[in-house]
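Engineer: Got a structure here, written out as structure tokens. Questions coming.
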Amino acid sequence: MKPRLSLLTACLILSACGSSAQRPDSGIVPPVAWQSPHDTRAERDTLRWWTRFASPQLNQLIEQAQVGSYDLAAAIARVRQARAATVIASGSQLPEIQGTGNANRQKLLRGEGYRQLDADSSNKAVDYFDVGLNASYEIDFWGGKRASRDSAQFSLQASEFDRATVELTLLSGVANSYTQVLSLQEQSRIAELNLANAQSVLQLVQTRYNAGSATALELAQQKSLVAAQQRQLPTVRQQAQDARIALAALLGRPVQDLPTGHESFDQLQWPQIAAGLPSELLTRRPDIARAEAQLAAAQADVTVARAAMLPKITLSASIGSGANQAGDLWRSPFYNLTGGLIAPIFNNGRLGAERDKATARQQELLETYRGAIINGFADVEKALNSIRGLDEQRQWQSEELNQAQTAFNIAQSRYQAGAEDLLTVLETQRTLYAAQDQNVQLRLSRMQASIALYKALGGGWQAL
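When the letters of the sequence shown are read in order and numbered with mature numbering (1 follows the signal peptide of the UniProt record, and there is no 0), they come out as residues -21 to -1, 1 to 443.
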């Protein structure tokens, strides 16, 4: 008995040895600093980044999205699935114990062949009762079960990181859609003002035409401009409604249930954002962490596939009792001990192909992990570059808008006095309308560039 116990102990010790799966190395060296200029003095805490836009309505929409989004709810359900899979994989490392109980009654039925049997003429029923307790265990000699547990744990982490990625994408989508709704509402307001302005000029042209100081061509040109402004209004309103429908979908509700806000586009503010260092991005983005965890799980799967090609050692034990009468059930106890060795001999290359498949999957996820890191760097650089470029454009666009307004006022006054032709007025009107639209577009782009930077930096998420 002692040699058997020593062998069993040695096998258990070997199965417990070995280090856990290590985090993978991408081989990518992060740059020392971002190439695009950025504000290093801004506050680094971005956990509730959407509150920095000074919009109570946006804060409410974010809260509603976190509760109502079906995409986020599905991601949370996937985490629960992965957690259950971890329990399943961990359970295979421990012995499995089962209890059994049987009650059996057997009796011959009379038929044509009954007389040929050497049976008692009384043909009494035969009863048999038994109970038992069975235990089985596979020694994890090659670390396959341990690797399976590691794979499940890394897959659970990947699911949790995926949930964080879905939430970050959802919240940034809500912020983008809301700012777009407000910008289109602002464009609609400006279009209404421009229509009223164009109609005022039309009245002036009509008066001059009636007095004989304006031509029919000038009158037709101004009427065409008024019609163009009237056409612009339903176009902008349609785009605004489309944006509201998209926003409602992100909240998990029909557009009829979308709350009506009273905020104006000018109320929104964009904060100063500190980008930090590129090396910090690896622990700040959940999608990079997800790719890393998936790669670690694939590395563990390679170990599982290799272990499947090697012999397996199994141990089983059972204890029980049986009798022909229930009252005597405990009077005939028995036990059984079994040790077994199972080794693959011929499987037509299946196990080798499984190993090759797992190895190729590992290589695929390594490249995916590297791509996630590079794309993360690119997302931050693009957002920083957009912020820099848009800030420079807005400095000159403000001057453009002011001068366009001045030019229109002068042209309108000179036309009314008869010192300018309508062509100049038409040109200054179009220039002013385009400058006003461009002002809203640049402000929207600047707002969404800040949102993109928050998303690129992980939205305040931090790996544990």
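Yeah, the Cβ is synthetic: ideal placement off N, Cα and C, and Gly gets one too. Bear in mind the structure is a predicted one, so any value in this text is a computation, not a measurement.
On the DSSP bridge list, what partners appear for Tyr412?
Structural biologist: According to DSSP, Tyr412 bridges with nothing at all.
Engineer: Looking at Tyr314 and Ile324, is the spacing between their C-beta atoms short of 9 angstroms?
Structural biologist: Result no, Cβ atoms of Ile324 and Tyr314 do not sit closer than 9 angstroms.
Engineer: Quick check: what's the CA-CA separation for Leu411 versus Gln211?
Structural biologist: Distance between the alpha carbons of Leu411 and Gln211: 15 angstroms.
Engineer: I'd like the list of long-range same chain contacts for Arg409, defined as Cβ closer than 6 angstroms, with 5 residues on each side in sequence excluded.
Structural biologist: Counting only Cβ-Cβ distances below 6 angstroms, and skipping sequence neighbours, we find nothing.
Engineer: Quick one: residues in its chain with C-beta nearer than 6 angstroms to the C-beta of Gly368, no 5 flanking neighbours on either side, listed in chain order?
Structural biologist: For Gly368, where only same-chain residues beyond five positions count, there are no Cβ hits under 6 angstroms.
Engineer: Tell me which residues share the same chain as Gln248 and place their Cβ nearer than 8 angstroms to its Cβ, disregarding the 5 neighbours each side in the sequence.
Structural biologist: Cβ within range, chain order: Arg31, Phe32 and Ala33.
Engineer: For the candidate residues Phe120, Ala396, Ser156 and Asp119, whose alpha-carbon lies nearest to that of Asp221?
Structural biologist: Cα-wise, what sits closest to Asp221 is Ser156.
Engineer: Quick one: give me the first and last residue of the alpha helix (DSSP H) that Pro10 is part of.
Structural biologist: Here Pro10 belongs to no alpha helix (DSSP H), and DSSP marks it neither H nor E.
Engineer: Starting from the C-beta of Val234, find all residues in its chain whose C-beta is less than 6 angstroms away, skip the five residues before and the five after it, and write them out in chain order.
Structural biologist: Excluding positions up to five away in sequence, the list reads Arg223, Ile224 and Ala227.
Engineer: The alpha helix (DSSP H) that contains Asp221, what's its start and end?
Structural biologist: Ala195 to Leu229 is the extent of the alpha helix (DSSP H) around Asp221.
Engineer: What residues in its chain sit with their C-beta under 7 angstroms from that of Ser5, if we drop five residues either side in the sequence?
Structural biologist: Hits under 7 angstroms: Tyr348, Arg349 and Ile352.
Engineer: By Cβ distance below 8 angstroms, which residues in the same chain neighbour Val184 in space, the five residues on each side in sequence not counted?
Structural biologist: Counting only Cβ-Cβ distances below 8 angstroms, and skipping sequence neighbours, we find Ala193, Glu197, Leu198, Gln201 and Leu401.
Engineer: Quick check on DSSP: helix, strand or coil for Leu256?
Structural biologist: Three-state result, Leu256: coil.
Engineer: Roughly how many whole angstroms lie between the Cα atoms of Val144 and Glu346?
Structural biologist: Rather than Val, the amino acid found at residue 144 in this sequence is Thr. Distance between the alpha carbons of Thr144 and Glu346 is about 19 angstroms.
Engineer: What first and last residue would you give for the alpha helix (DSSP H) that runs through Thr158?
Structural biologist: From DSSP, the alpha helix (DSSP H) with Thr158 extends over Gly123 to Asn189.
Engineer: In the DSSP assignment, the alpha helix (DSSP H) including Glu333 goes from what residue to what residue?
Structural biologist: Taken as a continuous stretch (DSSP letters only), the alpha helix (DSSP H) holding Glu333 covers Arg329 to Gln395.
Engineer: Using the Cβ count rule (16 or more neighbours within 10 Å means buried), how would you classify Ala(-1)?
Structural biologist: With a pLDDT of 48 at Ala(-1), under the threshold of 50, the predicted position of this residue should be treated as unreliable, and no value is reported.
Engineer: Classify Ile324 as helix, strand or coil using the three-state DSSP reduction.
Structural biologist: Note: Ile324 maps to coil in three-state DSSP.
Engineer: Pull the bridge partners of Gly318 from the DSSP assignment, please.
Structural biologist: Per DSSP, Leu294.
Engineer: Taking the alpha-carbon of Ile366 as reference, which of Glu333, Met426 and Ile321 has the nearest alpha-carbon?
Structural biologist: Among Glu333, Met426 and Ile321, the Cα nearest to that of Ile366 belongs to Met426.
Engineer: Going by the DSSP bridge assignment, what does Pro312 pair with across the sheet?
Structural biologist: Its beta-bridge partners are Ser300.
Engineer: Measure how close the beta-carbons of Leu112 and Gly78 come, nearest whole angstrom, since I'm counting them as under 8 angstroms.
Structural biologist: That pair is a contact at about 6 angstroms.
Engineer: Pick helix, strand or coil for Glu406, following the three-state DSSP scheme.
Structural biologist: Glu406 falls in the helix class under three-state DSSP.
Engineer: Kindly identify the DSSP beta-bridge partner or partners of Phe108.
Structural biologist: Paired residues: Ala82 and Ala302.
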